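K.L.:
I'd like to ask you about the structure that follows.
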Amino acid sequence: MSMSMSSSPTSNSSSSVKDTEINQEHTSTSFAAGCPSCLLYVLISKNDPKCPRCHTIVPLPVAMKKPRIDLNISI
0 MSMSMSSSPT SNSSSSVKDT EINQEHTSTS FAAGCPSCLL YVLISKNDPK CPRCHTIVPL
60 PVAMKKPRID LNISI
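Right, here's the structure in full:
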């Protein structure tokens, strides 16, 4: 009987941990970017893209497009 009581809170706590992790992923997405003023790579969030050292707004990195390759080209 004590086994069933101890296993029940464990399952509840693991589900709440998963919910917390999912909520944190949506609220704070951070990435590395180069600060134009400090010339350092810093870890910034999308919500507040400021350098933690000099408080300059760091431009968001632009995703590079993959080049389109035409496989039907004749050489």
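For reference, each letter of the sequence shown is one residue, going 0 to 74 in numbering that gives the first Met the number 0.
Where is the CB? At the ideal position from N, CA and C, for every residue including glycine.
All values derive from a computational prediction rather than experimental measurement.
#1: Tell me, please, whether the segment 34-43 touches the segment 62-70 by the rule of three or more beta-carbon pairs shorter than 8 Å.
#2: On a Cα-Cα basis, can you pick out the residue from P35, M63 and A31 that is closest to H54?
#3: State the start and end residues of the unbroken beta strand (DSSP E) segment that holds L42.
#4: Expressed to the nearest angstrom, what Euclidean distance is found between the alpha-carbon atoms of I56 and N46?
#5: Under three-state DSSP, which class holds S29?
P.N.:
For this structure:
#1: With the cut-off at 8 Å, the segment 34-43 and the segment 62-70 do not touch.
#2: It is P35 whose Cα lies nearest to the Cα of H54.
#3: L42: member of the beta strand (DSSP E) spanning Y40 to S44, first to last residue.
#4: Cα-Cα distance, rounded: 11 Å.
#5: Look at S29 here: in three-state DSSP terms it is strand.
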